[in-house]
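Asks: Numbering (our numbering), first residue to last: 89 to 227. Cβ atoms here follow ideal geometry from the backbone N, Cα and C, with glycine treated the same way. These numbers come from a predicted model, not from an experiment.
1) I'd like to confirm the pairing. Which residues does DSSP put opposite residue 181 in its beta bridges?
2) Considering only residues of the same chain and omitting the five flanking positions on each side of residue 153, which have a CB-CB separation below 6 Å?
3) Is the beta carbon of residue 165 sitting closer than 9 Å to the one on residue 125?
4) Counting Cβ pairs, one atom from each stretch, are 3 or more of them under 8 Å apart for the segment 179 to 186 and the segment 196 to 212?
5) Quick one: what's residue 205 bridged to in DSSP?
6) Quick one: give me the first and last residue of the alpha helix (DSSP H) that residue 125 is part of.
7) Reducing DSSP to helix, strand and coil, say where residue 199 ends up.
8) Using only CA atoms, which one of 211, 115, 206 lies nearest to residue 157?
9) Looking at the structure shown, is residue 152 part of a helix, part of a strand, or coil, going by DSSP?
Written out as structure tokens, the structure is:
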């Protein structure tokens, strides 16, 4: 979602993409932090253990079209690959998370999963982002 963020001096910043948690989407930040960690002495491998984004999800005709989450993963994984090509020893990557779940500070509202969870019926629906991830991993 393109939205407004408020800076410390209360001035809005336009055209900043943010998640449902009001976190800025900045894929190049992944590259920057991987390069920074790789520069520390003695780093032999880096594993990204939690990367993902919450966006509002709705079920329409039994599907969850979560284009923003799919683009998030495409853009962030591109930066991980860029870092690897630049010599960063990234040896693993885990998305956050497989299924929508209970967030301690936020409850069931933020949806991070590749699989939609209906918290009333416990029915699960693979989101478009999960289908994209499945195809990505097969290739």
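Replies: Walking through what the data contain:
1) 136
2) 216
3) no
4) yes
5) 212
6) 116 to 126
7) coil
8) 115
9) coil
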